[in-house]
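The listed protein sequences derive, respectively, from chains W and S. Counted from 1, the first sequence has number 356 at position 331 by this note's numbering; the numbering is strictly sequential. Counted from 1, the second sequence has number 310 at position 285 by this note's numbering; the numbering is strictly sequential. C-beta atoms are modelled at their ideal positions from N, C-alpha and C, and glycine is treated no differently.
2 protein chains.
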Amino acid sequence: MSNAYNRPDQLSPELRRRVLETARRLGYPGPDPVARSLRTRKAGAVGLLLTENLSYAFRDPAAVGVLEGLALACEDAGVGLHLVPASPGREDVAAVHRAGVDGFVVYSVPDDDPHLAAVLERPVPTVIIDQPSLEGIDRVGPDDAAAVGKIAEHLVTLGHRQVGVICMRLARERNDDFVSPARQSGAHFHVQRTRLEALAVAFSAAGVDWAGVPVVERFDHTVDDGASAARQLLDAYPQITAVICTSDILALGAMAEAERRGLRVPQDLTVTGFDGIAEAERIGLTTVHQPVLEKGKTAGRLLLGSAERSAPKVITLPTELRVGRTSAPPRTVEEPWFGG
Amino acid sequence: MSNAYNRPDQLSPELRRRVLETARRLGYPGPDPVARSLRTRKAGAVGLLLTENLSYAFRDPAAVGVLEGLALACEDAGVGLHLVPASPGREDVAAVHRAGVDGFVVYSVPDDDPHLAAVLERPVPTVIIDQPSLEGIDRVGPDDAAAVGKIAEHLVTLGHRQVGVICMRLARERNDDFVSPARQSGAHFHVQRTRLEALAVAFSAAGVDWAGVPVVERFDHTVDDGASAARQLLDAYPQITAVICTSDILALGAMAEAERRGLRVPQDLTVTGFDGIAEAERIGLTTVHQPVLEKGKTAGRLLLGSAERSAPKVITLPTELRVGRTSAPPRTVEEPWFGG
DNA sequence: ACGCTAATGGAAACCGTTGTCAGATTCACC
DNA sequence: GGTGAATCTGACAACGGTTTCCATTAGCGT
């Protein structure tokens, strides 16, 4: 029976035809995939863990890009992509245990997430994206520190010294407010922590007191949240000349808020993003582009093409500063028209 | 052993502790999900079949919305979402057979797709989205005919009689060109066929000879393809006063092409879309909004909350005409300024 | 001390497939 | 007709859990 379905070459066409015909007559629906998986020890699927509000995962083009790249790699290999149900709130680690997969990709979860711990306990290969390095685990991601450094250098060169920052959530608990230094350095989202640290280093080097730089955090990752964060930031610190956002989505919101309050970008206010999504490019946002599709694809390939289970690999993706129409030198209030 | 993990109440805490401790000492990674699935006859996952270029699925916000809604429903139920690898080109039906899932959701595949046939052969419940009704299968989708009717009525009322149409792919083979009547009526993508038919009915009723209305098809579903389709359409039929697109993405492309050739929208050219994606709303595109998130969520609920396997359900979702800033009466060439 | 009941631990059956292996059958060819 | 190869058949043991069922034991009352 098994042969008729799986190895047509081992038996005569006539017999195969007869077997299949009989099977159909008996209403046999074909081999059970689960039983097959048990026997062959191959699930034919890779699990994707992203402990995020799904609204985040699907509404952020950067995240969708990663998803697409991963799905592409899976499709090439003919294996399924199993999205593990893991709400941020629910501590339902069981879903990780229940997933019949040959490996996991972990993307953008806080480093203290119990789901992540559960994945690491499973005896299957794992690749992490945009996460802090873990002993013996493959990793892929951009050099966030260097990428943010490019943005910082760009702004410093333009002359900005009074800047404000808008960032995504830093921990599992909500804090839609200004961020304390402790919360900054203790952030559980690797990407956000790294970017903030890199900004601190770069601006400190330029003589800016980082402790005086306001950082506003938003739990949800939407354009509207970016706008409200910008409002909060500019209400409290109107002297700011540049708003640095850790994602393009937030930057789009900041742009909207700038327009709302009559600030011209970039003449009155510089806004920068991060990721390089299509819409950012369309409107000419100054940002750092990272190859999100490649990120997902590379992770998938790493996981699936694991013929050589040799040393764990760490792949760093290139990033590129894209100077658009949203950054310019600050307005020189101290040096009026006769200055210079 | 099983009891120790799954039913702590059935055995003494002492024994449970001992069992778990021993398991840990032996490096036992917890129950194998596949074996468990085999025995319990529950895979804990639903399969999603969308035989499309993944670039389509992930780049069309409407499709992403469906995906998000479905993922949301799965998350609520604590089951995984298994994306079945099915490229449009590859006839790798095996992937459908190999998927260990408790049910399938089928979205936006041609009605003659072998993958779809393979899904229907599997002895698991299935819900189809935006597909032609099938005997005994749950279905969810908007009333496409009525929705398109609203657009048509809007345009007819405005006075448009010289219209052109841009639609998505109608069959599995590529045809980036004008569409013959035969291809229109024989389209294998249910949604597209229905929309074209509804347009034909509405405009015929308004006295327009549908056979004379040019329809341009694009295989890929991108803004650029929408633009190139508009170019092809307007090059051949410059007298057209309204371009009807069967998706917002294509409409965005048509807008870009209009701008490129110096046509003002809506004064010189009316453009309409379909779906009601966020970006369309942002720019004020006249379109028909359909609740894509609800579509996915409803499908998921239907599949998962199947306590009552009674009669197959068909759920029709509401649509809403959203008149934006891209539709207006046609320029009255025959009746200049003194007309009236 | 005895018998009954309830609680508990352990053994065995089962889920549906794949892989192997021995034995039976067919067929061709010498 | 005998031999060998090729092909087919049928049985059976895993895979790693869950579930049922039975035997054992403990607890309790008389």
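Practice task
Please report how far the alpha carbon of R43 (chain W) lies from the alpha carbon of D234 (chain S), in whole angstroms.
Solution key: Straight-line Cα distance between these residues: approximately 55 Å.
Exercise for the section: Whole angstroms is fine: what's the gap from I153 (chain W)'s alpha carbon to G349 (chain S)'s? Expected result: The straight-line gap from Cα to Cα measures roughly 44 Å.
Exercise for the section: Starting from G55 (chain S), find everything on chain W with Cβ-Cβ shorter than 8 Å and list it in chain order. Expected result: Near G55 (chain S) (Cβ distances below 8 Å), the residues of chain W are H122, E146 and R147.
Practice task
Using a Cβ cut-off of 9 Å, pull out every chain W residue sitting near D117 (chain S), in sequence order please.
Solution key: The contacting residues are G103.
Handout entry: Partner residues on chain S for A70 (chain W), Cβ-Cβ distance less than 7 Å
Key = Chain S residues near A70 (chain W): H107.
Problem - Boundaries (first-last residue) of the beta strand (DSSP E) holding L145 (chain S) - result: No beta strand (DSSP E) holds L145 (chain S); the alpha helix (DSSP H) holding it covers P139 to E146.
Handout entry: Whole runs of the beta strand (DSSP E) within the region 222-296 of chain S, excluding any shorter than 3 residues
Key = Qualifying beta strand (DSSP E) stretches, in chain order: 240-242 and 267-270.
Problem - Beta carbon proximity, F203 (chain S) to chain W, threshold 8 Å - result: Any Cβ of chain W closer than 8 Å to the Cβ of F203 (chain S) would place that residue at the interface, and such an atom is absent.
Exercise for the section: Determine the direct distance from the alpha carbon of A142 (chain W) to that of V118 (chain W), and round the result to whole angstroms. Expected result: Approximately 9 Å between the Cα atoms of the pair.
Exercise for the section: Give a yes or no on whether the minimum CB-CB distance between E100 (chain S) and chain W is below 8 Å. Expected result: For E100 (chain S), the answer is yes, since a Cβ of chain W falls inside 8 Å of its Cβ.
Exercise for the section: Check whether the region 245-257 of chain W touches the region 212-221 of chain W, taking contact to mean three or more Cβ pairs, one atom from each stretch, closer than 8 Å. Expected result: Verdict: no, contact absent.
Practice task
With a floor of 3 residues, list each beta strand (DSSP E) that falls wholly inside the region 147-227 of chain S, ordered by position along the chain.
Solution key: Qualifying beta strand (DSSP E) stretches, in chain order: 151-154, 163-167 and 188-192.
Exercise for the section: State yes or no: is the C-beta of L63 (chain W) within less than 8 Å of the C-beta of V59 (chain S)? Expected result: In this structure, L63 (chain W) sits near V59 (chain S), with a CB-CB distance shorter than 8 Å.
Problem - Beta-carbon proximity check, E160 (chain W) vs L79 (chain S), cutoff 8 Å - result: Taking C-beta atoms as the reference points, E160 (chain W) and L79 (chain S) fail to come closer than 8 Å.
Problem - Under 7 Å by beta carbon: chain W residues contacting V59 (chain S) - result: By Cβ distance, chain W contributes V59, S62, L63, A68 and G125.
Exercise for the section: From the DSSP output, in three-state form, read off D117 (chain W) for me. Expected result: When DSSP states are grouped into helix, strand and coil, D117 (chain W) belongs to the coil group.
Problem - Reduced DSSP category for Y81 (chain S) - H, G, I as helix; E, B as strand; rest coil - result: Here Y81 (chain S) carries a helix assignment [DSSP, helix/strand/coil].
Problem - Y24 (chain S) burial status per 10 Å Cβ neighbour count (16 or more: buried) - result: Here chain S covers residues 26 to 365 and nothing more, so residue 24 (chain S) does not appear.
Problem - Host beta strand (DSSP E) of I340 (chain S) (start-end) - result: Per DSSP, I340 (chain S) belongs to the beta strand (DSSP E) from V339 to L342.
Practice task
Measure how close the beta-carbons of P157 (chain S) and D136 (chain S) come, nearest whole angstrom, since I'm counting them as under 8 Å.
Solution key: Between D136 (chain S) and P157 (chain S) the Cβ distance is about 6 Å, and since that is below 8 Å, they are a contact.
Practice task
Kindly indicate the opening and closing residues of the beta strand (DSSP E) around T312 (chain W).
Solution key: Here the beta strand (DSSP E) through T312 (chain W) covers T312 to H314.
Practice task
Would you kindly check if the distance between the Cβ of S352 (chain S) and the Cβ of T295 (chain S) is under 8 Å?
Solution key: Taking 8 Å as the Cβ cut-off, T295 (chain S) and S352 (chain S) qualify as a contacting pair.
Exercise for the section: Answer with yes or no whether the minimum CB distance from P113 (chain W) to chain S is below 8 Å. Expected result: With respect to chain S, the C-beta atom of P113 (chain W) has no partner C-beta closer than 8 Å.
Problem - Closest residue to V12 (chain S) among S:V190, S:L346 and S:A261 (Cα-Cα distance) - result: Chain S is shown from 26 up to 365; residue 12 (chain S) falls before or after that span and cannot be answered.
Exercise for the section: Measure from the alpha carbon of R147 (chain W) to the alpha carbon of each residue in W:K338, W:D163 and W:G128, then state which is nearest. Expected result: When each option's Cα is compared against that of R147 (chain W), the closest is W:G128.
Practice task
Go ahead and label V165 (chain S) buried or exposed: buried means 16 or more other beta carbons lie within 10 angstroms of its beta carbon, across all protein chains shown.
Solution key: That one is buried.
Handout entry: Beta-carbon spacing of A418 (chain W), A276 (chain W) below 8 Å
Key = Because chain W is modelled from 26 through 365, residue 418 (chain W) falls outside the range shown and cannot be assessed.
Problem - Per DSSP, cross-strand counterpart(s) of H107 (chain W) - result: W:G72 and S:H107.
Exercise for the section: Answer yes or no: does any C-beta atom of chain S fall closer than 8 Å to that of E93 (chain W)? Expected result: Chain S, which has a Cβ nearer than 8 Å to the Cβ of E93 (chain W), makes this yes.
Practice task
Could you tell me whether the region 246-260 of chain W touches the region 278-289 of chain W, using the rule of 3 or more Cβ pairs below 8 Å?
Solution key: Cβ pair count under 8 Å is three or more, so yes.
Exercise for the section: Enumerate in chain order the residues of its own chain whose CB-to-CB distance from A170 (chain W) is below 6 Å, with the five nearest sequence positions on each side excluded. Expected result: Here the set comprises T219 and A223.
Exercise for the section: Determine contact between the region 312-321 of chain S and the region 87-106 of chain S, defined as no fewer than three beta-carbon pairs at a distance below 8 Å. Expected result: Enough Cβ pairs lie closer than 8 Å, so yes.
Problem - Nonlocal neighbours in the same chain, by C-beta distance under 6 Å from A254 (chain W), ignoring five residues either side - result: Same-chain partners within the cutoff: I191, V241 and R243.
Exercise for the section: Output yes if chain W places a C-beta closer than 8 Å to the C-beta of V89 (chain S); else output no. Expected result: Yes, contact with chain W.
Practice task
Look at the Cβ atom of G301 (chain W), then the Cβ atom of D273 (chain W), and state whether they are nearer than 8 Å.
Solution key: Taking 8 Å as the Cβ cut-off, G301 (chain W) and D273 (chain W) qualify as a contacting pair.
Practice task
Could you tell me whether the Cβ of L329 (chain W) comes closer than 8 Å to any Cβ of chain S?
Solution key: The beta carbon of L329 (chain W) does not come within 8 Å of any beta carbon belonging to chain S, so the residue lies off that interface.
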